[in-house]
Structure formats: C-alpha cells, structure tokens
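One structure below.
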Amino acid sequence: MPYLPPREWYATLPTAHVAAGVLLTDDRGRVLLVKPNYRPYWQIPGGAMDAGEAPHRTAEREVREELGLRVAARRLLVVDVVPPNGDMPRPMIHFTFDGGRVADPSAIRLGEDELDAFGFFTWADAAERLSPALAARVPAARRARESGETVYLPAAPERTGDPSGM
Numbered sequence: 003m004p005y006l007p008p009r010e011w012y013a014t015l016p017t018a019h020v021a022a023g024v025l026l027t028d029d030r031g032r033v034l035l036v037k038p039n040y041r042p043y044w045q046i047p048g049g050a051m052d053a054g055e056a057p058h059r060t061a062e063r064e065v066r067e068e069l070g071l072r073v074a075a076r077r078l079l080v081v082d083v084v085p086p087n088g089d090m091p092r093p094m095i096h097f098t099f100d101g102g103r104v105a106d107p108s109a110i111r112l113g114e115d116e117l118d119a120f121g122f123f124t125w126a127d128a129a130e131r132l133s134p135a136l137a138a139r140v141p142a143a144r145r146a147r148e149s150g151e152t153v154y155l156p157a158a159p160e161r162t163g164d165p166s167g168m
C-alpha cells in the first residue's frame, strides 16, 4: 500500500462499536441484572460508549444513569467481541469491569426511561434471562473475578442472538 497521510490512512481502518458494563453482586453473591424496556432479556448494567469516553468511564456512567449508584469500574474482567449481525453492521467490542458488591441495594434508583426492573439473581437464574451474547460474557466475568485473570471472548457466530451484543 502506498503512503497515505494519517487522516486518509485512519479512514481505511476497520471500525467497531464499543460498549461497557459492570459486574455487580450483593452480599449473598447474587449477580445484579437490569431489564431494559427495549429488549426481551435481562443484562448487566452498561451501554454504549460516548465519543471521547474511556470504556471504564462508560461503565461507571451507565451504572449511575441506570441505577443511581456511583461505582468504580475496577479491574477489567472480560473483553468480548461480538460479530456484526442484524442491524449492527460492525463488530461490538464490549468491556466488562468488576464493580464489586452493592452494599445497600435500597440505594438503587431505577432509571425508568430505559429500564423496567432490576434484580439480584443466582448465577443459574441469571443464565436463563440472558441473550446468547451475554450467556457467555456474564459467566466469563464471574470466572475472571474469581481467578484474577482477564478473559478474552473472540467473535463467535453462535452468540449472535441480539444484534447489539449488549
């Protein structure tokens, strides 16, 4: 390839959507899930990254907007690449961070413009409520939290039940 000025060269590179979420649990070890009013399944708190925003800040902002909680997106648990599908023309790169434990669940204030409900679920009950993309990501986040390692989930066509991958 011949030399291209930086602006032209960057325009040739592939692009991806980016989102981030937070793994939160209660004092009994149950996972916090939220039920968006625009999807048929539950998910961990999180959402799409704004322009110029770092992934961990996206995760913190989304928890604040969705649940009224201020959490620190601690250690990176999972990097998940969801392949393009449906209405999503580019891959979704999703970062999942450890948000620790929710010390006072009564402090949660549901962002009703996007969410219908929230709840703490056993890992088995949570698995039944997740989309195919999340059915791999959420257990991977649990394993990463327990092992101290970060998990990379490469794009897998069988995990494309929801175009957003969120």
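The sequence shown runs 3 to 168 under my numbering. Cβ atoms here follow ideal geometry from the backbone N, Cα and C, with glycine treated the same way.
For residue j and residue i, the rounded distance between their alpha carbons
i: Leu-117; j: Glu-68; result: 7 Å
i: Leu-155; j: Val-24; result: 16 Å
i: Trp-44; j: Met-3; result: 46 Å
i: Arg-139; j: Phe-97; result: 10 Å
i: Gly-113; j: Gly-70; result: 7 Å
i: Leu-26; j: Tyr-5; result: 47 Å
i: Gly-31; j: Ala-126; result: 12 Å
i: Ser-149; j: Glu-10; result: 43 Å
i: Pro-51; j: Pro-134; result: The question names Pro, but residue 51 is Met in the sequence shown. Distance between the alpha carbons of Met-51 and Pro-134 is about 21 Å.
i: Leu-15; j: Pro-7; result: 13 Å
i: Gly-54; j: Thr-124; result: 35 Å
i: His-58; j: Gly-49; result: 11 Å
Pair within 7 Å by beta-carbon distance, residue i and residue j
i: Val-36; j: Pro-47; result: yes
i: Val-65; j: Val-73; result: yes
i: Val-83; j: Ala-157; result: yes
i: Phe-99; j: Leu-132; result: no
i: Phe-122; j: Asp-28; result: yes
Distance between beta carbons of residue j and residue i, contact taken as under 8 Å
i: Arg-1; j: Gly-102; result: The question about residue 1 has no answer here: the residues shown for the chain are numbered 3 through 168.
Residues near residue i in its chain [Cβ-Cβ closer than 7 Å; skip 5 each side]
i: Ala-142; result: Val-80, Val-153 and Leu-155
Own chain residues within Cβ distance below 6 Å of residue i, not counting five before or after
i: Glu-151; result: none
i: Asn-39; result: Asp-118
Cutoff 8 Å; reference residue i; Cβ partners in own chain excluding five residues on either side
i: Glu-62; result: Val-24, Arg-72, Val-73, Ala-74 and Ala-75
i: Ile-110; result: Leu-69, Gly-70, Leu-71, Val-104 and Phe-120
i: Ala-1; result: There is no way to answer for residue 1, as the model of the chain reaches only from 3 to 168.
Stretch pair the stretch 84–103 + the stretch 11–25: three plus CB contacts closer than 8 Å: With a cut-off of 8 Å, the stretch 11–25 and the stretch 84–103 count as touching, because enough Cβ pairs lie within range.
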